[in-house]
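**Student:** So the sequence shown is numbered by full-length UniProt numbering: it starts at 1 and just counts up by one.
Quick one: this structure, given as structure tokens, is what I'll be asking you about.
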Amino acid sequence: MQYLRRDKKDEEDGSQSNPFQNLDKSAVLQEARTFNETPINPRKCIHILTKILYVLNQGQHLGTTEATEAFFAMTKLFQSKDVMLRRMVYLAIKELANIAEDVIIVTSSLTKDMTGKEDMYRASAIRALCKITDSTMLQGIERYLKQAIVDKNASVSSASLVSALHLMKPNYDVVKRWVNEAQEAVSSDNTMVQYHALGLLYHVKKTDRLAVSKLIFKYIKQSLRSPYAVCMLIRIASKYLDEEPEVVDTPVYDFLESCLRHKSEMVIYEAARALVNLKNLKSRDLCPAISVLQLFLSSPRPTLRFAAVRTLNKVAMTQPMSVTTCNLDLENLITDVNRSIATLAITTLLKTGNEGSVDRLMKQISSFMSEISDEFKIVVVDAIRSLCLKFPRKHHVMMNFLSSMLRDEGGFDYKKAIVDTIITIIEENSDAKEAGLGHLCEFIEDCEHTVLATRILHLLGREGPRSQNPSKYIRFIYNRVILENAAVRAAAVTSLAKFGAHCDSLCSSMLVLLSRCLLDTDDEVRDRATFYVNVLKEKEKALSSGYILNGLQVSIVGLERALHAYVKDSSQTAPFDLKTVPLATTPMQDQVVKPGKAAIETPSAPTKAAAPVAVTRQDVYAEQLAAIPQFSRLGPLFRSSPKPVELTESETEYVVNCVKHVFKDHIVFQFDCTNTLNDQILENVQVEMEPSDGEFEVVTYVPRPSLPYNSPGTTYTLVKLPEDASSVTCTFTNTLKFVVKDCDPSTGEPDEEGYEDEYVLEDIDVLVADHVQRVHKTNFLASWDEIGDECEMQDTYALTQMTSLEEAVKQIIDYLGMQPCERSDKVNSEKNSHALLLAGVFRGGHDVLVRARLAFDHGVTMNITVRSDDPVVSEVVLSAVG
1 MQYLRRDKKD
11 EEDGSQSNPF
21 QNLDKSAVLQ
31 EARTFNETPI
41 NPRKCIHILT
51 KILYVLNQGQ
61 HLGTTEATEA
71 FFAMTKLFQS
81 KDVMLRRMVY
91 LAIKELANIA
101 EDVIIVTSSL
111 TKDMTGKEDM
121 YRASAIRALC
131 KITDSTMLQG
141 IERYLKQAIV
151 DKNASVSSAS
161 LVSALHLMKP
171 NYDVVKRWVN
181 EAQEAVSSDN
191 TMVQYHALGL
201 LYHVKKTDRL
211 AVSKLIFKYI
221 KQSLRSPYAV
231 CMLIRIASKY
241 LDEEPEVVDT
251 PVYDFLESCL
261 RHKSEMVIYE
271 AARALVNLKN
281 LKSRDLCPAI
291 SVLQLFLSSP
301 RPTLRFAAVR
311 TLNKVAMTQP
321 MSVTTCNLDL
331 ENLITDVNRS
341 IATLAITTLL
351 KTGNEGSVDR
361 LMKQISSFMS
371 EISDEFKIVV
381 VDAIRSLCLK
391 FPRKHHVMMN
401 FLSSMLRDEG
411 GFDYKKAIVD
421 TIITIIEENS
431 DAKEAGLGHL
441 CEFIEDCEHT
451 VLATRILHLL
461 GREGPRSQNP
471 SKYIRFIYNR
481 VILENAAVRA
491 AAVTSLAKFG
501 AHCDSLCSSM
511 LVLLSRCLLD
521 TDDEVRDRAT
531 FYVNVLKEKE
541 KALSSGYILN
551 GLQVSIVGLE
561 RALHAYVKDS
571 SQTAPFDLKT
581 VPLATTPMQD
591 QVVKPGKAAI
601 ETPSAPTKAA
611 APVAVTRQDV
621 YAEQLAAIPQ
631 FSRLGPLFRS
641 SPKPVELTES
651 ETEYVVNCVK
661 HVFKDHIVFQ
671 FDCTNTLNDQ
681 ILENVQVEME
691 PSDGEFEVVT
701 YVPRPSLPYN
711 SPGTTYTLVK
721 LPEDASSVTC
731 TFTNTLKFVV
741 KDCDPSTGEP
751 DEEGYEDEYV
761 LEDIDVLVAD
771 HVQRVHKTNF
781 LASWDEIGDE
791 CEMQDTYALT
801 QMTSLEEAVK
811 QIIDYLGMQP
821 CERSDKVNSE
831 KNSHALLLAG
841 VFRGGHDVLV
851 RARLAFDHGV
861 TMNITVRSDD
871 PVVSEVVLSA
881 VG
């Protein structure tokens, strides 16, 4: 009683006590010896088992020996008939099953409990038994589990169905034999049994689209009593409809729409959510679902209001006009006592509101921003970003609001979201640049995050020199040199150097400021300052552009590899040439096909354990090709095509894709082949190529020795480029040749004798874009002046097939294979003219820049100017459009 009174007093004082807070694992395992005592003390044993489960769930690791000893001691507790103790034993068995050894010793006890008459034991015994069961033991208890599925006791039936779901992955062939019992369980009166049975049926049949369709059509005609089962059926039906080209006017769609009138609110919401998420549904067909969600917005239950506003928020991201009918109800939720609902309501309004409501919405947001967590603040910031891009003339209102948010308290993610939003607005809206840079300058005065400070300094160095009054940013940047840590000081030095390189009037002042950094305590800052001072003193535009404003465009991984090879080669006498280093490309995000291997998924974001330098697709390809003897002396890889070219239909018996790898004087065609016939093995697989231009010479083939069923493999063809530098385009006809050996589909054993066969593939075009690598020029004008007009060429074209400036810009970028600079790929739809700026490097290391002026008047007229350091390159690039 004293213990209870103390707990009550602690509760009144507002403090909480955890009786298991400082449990020691060793002490708990010592206490487990109590299980061996006679007679068994159920209450004491329950307390000890609770401690063991607590220790395991807190993440403490039990060794195999420790777990095994505790497990065997615990088996003695089967002698007790106490119901609570027995159920705790089942829980402990499930937790220790994967740690302890010889857990199958309790199989007979669990089987006895599973088939016994004590209903309190049976369901838990089934779950525990299935946890320790492997493929060999499952055969012995299969009949008991099948009987349990149709048991009259709902908890037993539900436990066996759920256990079947867990057993299905390693024992699919066994579990799929239980379909008849599962179908019988679907007709159960118990809501959970019906739900679990339908789930098991779907997971057994989900790989067979025809079986899934039969399942759906069978149960949409029956009225399932369980709202959980109906929700499950709705999800199955919506997934099925997503793969159908026509959605409306089908029985499955009618079923989803009928569920909007169900008596259960849970089913109504699930149906509405499924309808608004259908991929092939048009906006006009969303009205019934939107109306239901609108009714939920005024529900007295917070859960329904939250569910409805969250779903409408997602719909507003893709189809904002469909949600505008709910704006009045959403405005009423801005003052909701639940701040999660209020936040989602305001962000939805930001996506659906009109330009006139922006000021009012900003005032309403500011009233509750201090009351919500950073997580919801980030949601609001993202909504403001999309609204600002939608209504660019309102940028001053939203920019001021974001600036006030920057001054408030908040974590790194919150501040980063605001900075990212301001930078996006600056890049998308030139009118907002001055105000945005000013707000960011004020922020870095008190910024405590190094990452954000360096990013803002980089932005100031890029955009500040081209602003109306560049000198006003110098004070903010130089303050960072005086007040901040080494990383920020180094970024500030680089930013100052860019002002000096771009603005002649500020060059002398920047030299003075940079000279003060020559004695900095950090070697990185000193080295940068020394380098920039010496470059600026030369007062040469070409040097300033190449080494300050734009910098090197090389792959870091490729540079490391090239330097290592140069140092390792003792016979090397020539100085290191940067042109031997591959150019920088975008980090690898999708798939890389290794020679003879299947496509390997690579994470889109680096993990914590990943290398600090992001590996690019081209770096991986370069390493793979260098390992092949026939390609080891081709030199550095210049370019790999970003996407494979499909040379066959995906449904054909042989699937072939091609990736083009361009070197200085050669092209390697990588053919990734898949044999989809399970009764054949292909040997000596290669793709023979016939060029349309005789100047292109096929040098060698690297065949694939063997290509078994459904096991991707790679073959290569090496082609030498013409001596004439102006000859860069060609079409190749391709034939897949191989030796076929028939084999037994079940065993995979091939015949000893085979026969030669071939398969005609689609043609491959080598275009001008294949010889150009994209590079980004931060300061295009400086690079344009750096190259000069010595090899400049220009021409005017009438692009009669183009129906808009947007289409023309996209097609020109694709034809030339070059990188748009200074966001010139963004076309203002309100204007009839546009300037497109493109940068790239032509094969052989030749910089090439393009300035295209486009005008639209019943067709697109383009004046294009090309600059390069080689007249042939200028001519080739100019001819790509003509």
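Glycine residues also receive a C-beta, built at the ideal position from the N, C-alpha and C atoms.
Given the structure is predicted, the values throughout are model-derived calculations rather than measurements.
Starting from the C-beta of Asp785, find all residues in its chain whose C-beta is less than 6 Å away, skip the five residues before and the five after it, and write them out in chain order.
**Tutor:** As a working mapping, residue 785 is identified with position 785 in the sequence shown. Counting only Cβ-Cβ distances below 6 Å, and skipping sequence neighbours, we find Lys541.
**Student:** Using a 10 Å radius around the Cβ and a threshold of 16 neighbouring Cβ atoms, would you call His61 buried or exposed?
**Tutor:** By 1-based counting over the sequence shown, the position of residue 61 is 61. His61 is exposed by the Cβ-count criterion.
**Student:** Which residue marks the beginning of the alpha helix (DSSP H) containing Ala453, and which one marks its end?
**Tutor:** Counted from its first residue, the sequence shown places residue 453 at position 453. Taken as a continuous stretch (DSSP letters only), the alpha helix (DSSP H) holding Ala453 covers Thr450 to Glu463.
**Student:** When you measure from the CB of Thr50 to every non-hydrogen atom of the ligand ZN, does any distance come out below 7 Å?
**Tutor:** This structure lacks the ligand ZN, and indeed carries no ligand of any kind.
**Student:** What does a CB cutoff of less than 6 Å around Ser711 pick up in its chain, not counting 5 residues either side in sequence?
**Tutor:** One-based indexing of the sequence shown puts residue 711 at position 711. Nothing meets the Cβ criterion.
**Student:** Thr136: buried (16+ other C-beta within 10 angstroms of its C-beta) or exposed?
**Tutor:** The count along the sequence shown starts at 1 and reaches residue 136 at position 136. Exposed, because fewer than 16 other Cβ atoms sit within 10 Å of the Cβ of Thr136.
**Student:** Between Leu297, Asn832 and Cys503, which lies nearest to Asn327 when the distance is taken from Cα to Cα?
**Tutor:** Numbered from its first residue, the sequence shown carries residue 327 at position 327. Nearest of Leu297, Asn832 and Cys503 to Asn327, Cα basis: Leu297.
**Student:** Would you mind reading off the limits of the beta strand (DSSP E) that contains Leu658?
**Tutor:** Position 658 of the sequence shown holds residue 658. A small fix is needed here, since residue 658 is Cys in this sequence, not Leu. Note, Cys658: beta strand (DSSP E), Tyr654 to Val662.
**Student:** Taking the alpha-carbon positions, what's the Asp869 to Glu646 distance?
**Tutor:** For the purposes of this step, residue 869 is taken as the residue at position 869 of the sequence shown. For the purposes of this step, residue 646 is taken as the residue at position 646 of the sequence shown. Between Asp869 and Glu646, the C-alpha separation is close to 35 Å.
**Student:** Once DSSP output is grouped into helix, strand and coil, what is the label at Pro629?
**Tutor:** Within the sequence shown, the letter at position 629 stands for residue 629. If DSSP states are grouped into helix, strand and coil, Pro629 belongs with the helices.
**Student:** Check whether the region 874-881 and the region 669-678 are in contact - that is, three or more C-beta pairs closer than 8 Å.
**Tutor:** Flag = no, the region 874-881 and the region 669-678 do not touch.
**Student:** Pick out whichever of Met74, Leu23, Thr75 and Gly59 has its Cα sitting closest to the Cα of Lys51.
**Tutor:** Stepping through the sequence shown from its first residue, residue 51 is reached at position 51. Closest by alpha carbon: Leu23.
**Student:** Is there a C-beta anywhere in chain B that falls below 8 Å from the one on Val381?
**Tutor:** The structure shown contains no chain B; it is built from a single protein chain.
**Student:** Closest to Thr111 by CA distance: which of Arg823, Ala417, Glu375 and Gly140 is it?
**Tutor:** Taking the sequence shown and counting its residues from 1, one reaches residue 111 at position 111. Among Arg823, Ala417, Glu375 and Gly140, the Cα nearest to that of Thr111 is on Gly140.
**Student:** How big is the Cα-Cα spacing for Leu293 and Leu53?
**Tutor:** Sequence index remark: in the sequence shown, residue 293 carries index 293 (1-based). Sequence index remark: in the sequence shown, residue 53 carries index 53 (1-based). One C-alpha to the other measures close to 43 Å.
**Student:** What do you reckon, are the CB atoms on Thr778 and Arg462 nearer than 8 Å?
**Tutor:** Indexing the sequence shown from 1 puts residue 778 at position 778. Indexing the sequence shown from 1 puts residue 462 at position 462. Result yes, Cβ atoms of Thr778 and Arg462 sit closer than 8 Å.
**Student:** Looking at the structure shown, is Gly596 part of a helix, part of a strand, or coil, going by DSSP?
**Tutor:** As a position in the sequence shown, residue 596 is number 596, starting the count at 1. Because Gly596 sits at a pLDDT of 39, beneath the cut-off of 50, its placement in the model cannot be relied upon, and the point is left open.
**Student:** List the whole-angstrom C-beta distance separating Ser505 from Ile477, where the pair is believed to meet the contact cut-off of C-beta under 8 Å.
**Tutor:** By 1-based counting over the sequence shown, the position of residue 505 is 505. By 1-based counting over the sequence shown, the position of residue 477 is 477. Contact flag wrong, Cβ pair sits at about 16 Å.
**Student:** Where does the unbroken beta strand (DSSP E) through Met862 begin, and where does it stop?
**Tutor:** Within the sequence shown, residue 862 is the residue found at index 862, counting from 1. Note, Met862: beta strand (DSSP E), Val860 to Ser868.
**Student:** DSSP state of Glu601, grouped into three classes?
**Tutor:** As a first step, residue 601 must be located in the sequence shown, where it is residue number 601. With a pLDDT of 32 at Glu601, under the threshold of 50, the modelled position of that residue is not reliable, and the figure given next carries that caveat. Three-state DSSP puts Glu601 in a strand.
**Student:** With DSSP collapsed to three states, give me the class of Ser879.
**Tutor:** Along the sequence shown, read from residue 1 onward, the residue named residue 879 stands at position 879. Correct three-state label for Ser879: helix.
**Student:** Thinking C-alpha only, which one of Arg235, Ile40 and Thr207 is nearest Ile220?
**Tutor:** In the sequence shown, counting from the first residue as 1, residue 220 sits at position 220. Checking every option, the nearest Cα to that of Ile220 belongs to Arg235.
**Student:** Where Ser874 and Arg867 are concerned, what is the direct C-alpha to C-alpha distance, given to the nearest angstrom?
**Tutor:** Position 874 of the sequence shown, counted from the start, is the residue given in the question as residue 874. Position 867 of the sequence shown, counted from the start, is the residue given in the question as residue 867. Straight-line Cα distance between these residues: approximately 6 Å.
**Student:** Lys660: buried (16+ other C-beta within 10 angstroms of its C-beta) or exposed?
**Tutor:** Taking the first residue of the sequence shown as 1, we reach residue 660 at position 660. It counts as buried.
**Student:** How far does the beta strand (DSSP E) with Asn354 in it reach, from first residue to last?
**Tutor:** Walking along the sequence shown from the start, residue 354 turns up at place 354. Neither: Asn354 is in no beta strand (DSSP E) and is coded neither H nor E.
**Student:** With three or more beta-carbon pairs closer than 8 Å as the criterion, would you say the region 757-764 touches the region 800-813?
**Tutor:** The region 757-764 is not in contact with the region 800-813.
**Student:** So what's residue 905 in DSSP terms, helix, strand or just coil?
**Tutor:** The chain is shown from 1 up to 882; residue 905 falls before or after that span and cannot be answered.
**Student:** Where do the ends of the alpha helix (DSSP H) carrying Gln139 lie?
**Tutor:** Here residue 139 corresponds to residue number 139 of the sequence shown, with the count starting at 1. Run containing Gln139: Ser135 to Ile149, per the alpha helix (DSSP H) assignment.
**Student:** Pick helix, strand or coil for Ala159, following the three-state DSSP scheme.
**Tutor:** Here residue 159 refers to the residue found at position 159 of the sequence shown. Looking at Ala159 - three-state DSSP - the assignment turns out to be helix.
**Student:** Helix, strand or coil for residue 890? Go by DSSP, reduced to three states.
**Tutor:** Nothing can be reported for residue 890, as the shown portion of the chain is limited to 1 through 882.
**Student:** Are Asn41 and Lys76 closer than 8 Å when you measure CB to CB?
**Tutor:** Along the sequence shown, read from residue 1 onward, the residue named residue 41 stands at position 41. Along the sequence shown, read from residue 1 onward, the residue named residue 76 stands at position 76. No. Outside cutoff.
**Student:** Would you kindly work out how many angstroms separate the C-alpha atoms of Arg122 and Leu49, rounded to a whole number?
**Tutor:** Against the sequence shown, residue 122 aligns to sequence position 122. Against the sequence shown, residue 49 aligns to sequence position 49. One C-alpha to the other measures close to 20 Å.
**Student:** My output table needs one value for Asp847: the three-state DSSP class, helix, strand or coil.
**Tutor:** Here residue 847 refers to the residue found at position 847 of the sequence shown. Correct three-state label for Asp847: strand.
**Student:** Can you give the Cα-Cα distance for Lys131 and Asp119, rounded to whole angstroms?
**Tutor:** As a first step, residue 131 must be located in the sequence shown, where it is residue number 131. As a first step, residue 119 must be located in the sequence shown, where it is residue number 119. Those two C-alpha atoms are separated by around 19 Å.
**Student:** Is it true that the CB of Thr325 sits closer than 8 Å to the CB of Ala383?
**Tutor:** Locating residue 383 in the sequence shown gives position 383, where the first residue counts as 1. Locating residue 325 in the sequence shown gives position 325, where the first residue counts as 1. Not a contact, by the Cβ cut-off of 8 Å.
**Student:** Specify whether the region 168-184 and the region 146-153 touch according to this definition: at least 3 beta carbon pairs, one from each stretch, less than 8 Å apart.
**Tutor:** Touching, per the Cβ criterion.
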